[in-house]
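Notes for the one structure printed next.
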DNA sequence: TTAATATGCAACCATTGGGTTGCGCATGGT
DNA sequence: ACCATGCGCAACCCAATGGTTGCATATTAA
C-alpha cells in the first residue's frame, strides 16, 4: 500500500506545519500543553484577541488534528491531541537525518578527490 | 539575557513552521535534502510551477533561515540550512515532553481521587 | 558575434487568512 | 423568572500569499 518513494507523509505534514506556523496558535498549543484542557473564554483571557479570533485559531488547529474540543455544559473544552505533533516531529527527524547522510556522502566524495 | 519564561523560542519558531507549511516548499526541502545543492532551473523541472513561483518559495524558505542560495556563474545554487530545522525539531520535542508530564500529573491526581 | 540559458524585478490577479462586529441561542446561577 | 456567561454563525474588512506574465540582464556556448 502507498508504494510511494516519498518521505512518508510529505503531503500530510504540510497542514500540520501550516497550523503551527502562527505565533498565536503556537501560544495556544503551549497553553493547552501546560494548563491542560481549557474553555475558549479562558484561553481568550490574557490575549489581545477576541473570543471569535481564538475560536478561529482553535478550529484551524483542530482541522490539522492538533487539538480537539467538545462541548461540556455551556462551555467547550479544548485539549491537545499530541499524535500529529509526533508526526511532525518524526518528519523533521527524517529530514535532518537525510541531510546528515547527504553531507557525509559529499564529504567522502571530496576526500576521494572525485570532485 | 532574554529572561523570558516562554518555551525558548516560541516566537522564533512560528516563522519556521509557517515556511514549512506548504506542500510545494516541503517538496523543495526534500529535494534539496536528497539531491544536494541545485539551481533554480533544476528545482523547477518536474513541478507544474513556473520558475518564478519556485523562486518565490525559495525566498520564503530563505527568510525563515531554512535554505541558503548563492550565485555561481549564471545560475544560483541553493542548499539546505539545517540549523533552523533543528530548532523546530527541538521545539516539538519540548512540547511533546511537556504534554507527557502534564498527562502523568493528571493521572496521578485521578488516582489520588483529588479530582 | 550571436544565440541560448539562467536569473532578477515589477506588476498584476485571485484566494486565503487573521481579525473584527453584531446577533441569537443555550446554559448556569441567584 | 431573570440576568450573566459562554458559544456559534455570518458578514465584512484589509493584508498577505500563491501564482502568473512580461521584460531586462548577465553568463556560457557555438
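Protein chains in written order, with the working numbering: chain A, 20 to 134; chain B, 20 to 134. In this text, a Cβ means the ideal position worked out from N, Cα and C, and glycines have one as well.
Using a Cβ-Cβ cut-off of 8 Å, residue 108 of chain B counts as an interface residue toward chain A, since at least one Cβ of chain A sits closer than that to its own. Apart from the 5 residues on each side of it in sequence, residue 43 of chain B sits with its Cβ closer than 6 Å to the Cβ of 76 in its chain, given in chain order.
At a C-beta separation below 8 Å, residue 118 of chain A has these neighbours in chain B: 52, 99, 101 and 104.
Relative to the Cα of residue 98 of chain B, the nearest Cα in the group B:118, B:61, B:112 and B:33 belongs to B:61.
Against chain B, the CB of residue 91 of chain A has no partner CB under 8 Å away; the residue lies outside that interface. For the 8 Å CB-CB criterion, residue 115 of chain A and residue 56 of chain B do not form a contact. In this structure residue 111 of chain B is in contact with residue 107 of chain A, their Cβ atoms being roughly 6 Å apart against a cut-off of 8 Å. Boundaries of the beta strand (DSSP E) harbouring residue 88 of chain B: 86-91, taken from the DSSP string. When Cβ-Cβ separations below 8 Å define contact, residue 121 of chain A makes contact with chain B. At a cut-off of 8 Å between beta-carbon atoms, residue 37 of chain A makes contact with chain B.
In the DSSP assignment, residue 31 of chain B forms no beta bridge with any residue. Annotated as proximal: residue 38 of chain A and residue 80 of chain A, with beta-carbon spacing under 8 Å. Look at the region 96-130 of chain A and you find these whole runs of alpha helix (DSSP H), each 4 residues long or longer: 101-130. Counting only residues of its own chain and dropping the five nearest sequence neighbours on each side, residue 74 of chain A has a CB closer than 7 Å to the CB of 59. Shown here for residue 34 of chain B: same chain residues with a beta carbon closer than 6 Å to its own, the five before and five after excluded, namely 83 in chain order. By the CB criterion at 8 Å, residue 117 of chain A and residue 53 of chain B fall inside the cutoff. Note on residue 65 of chain B: under 16 other CB atoms within 10 angstroms of its CB, so exposed under the neighbour-count rule.
In this structure, the alpha-carbon of residue 41 of chain A lies about 31 Å from that of residue 126 of chain B. Under the DSSP assignment, residue 43 of chain A falls in the alpha helix (DSSP H) whose first and last residues are 42-54.
Along the length of the region 55-86 of chain B, whole alpha helix (DSSP H) runs at least 4 residues long occupy 59-63 and 70-82, reported in chain order.
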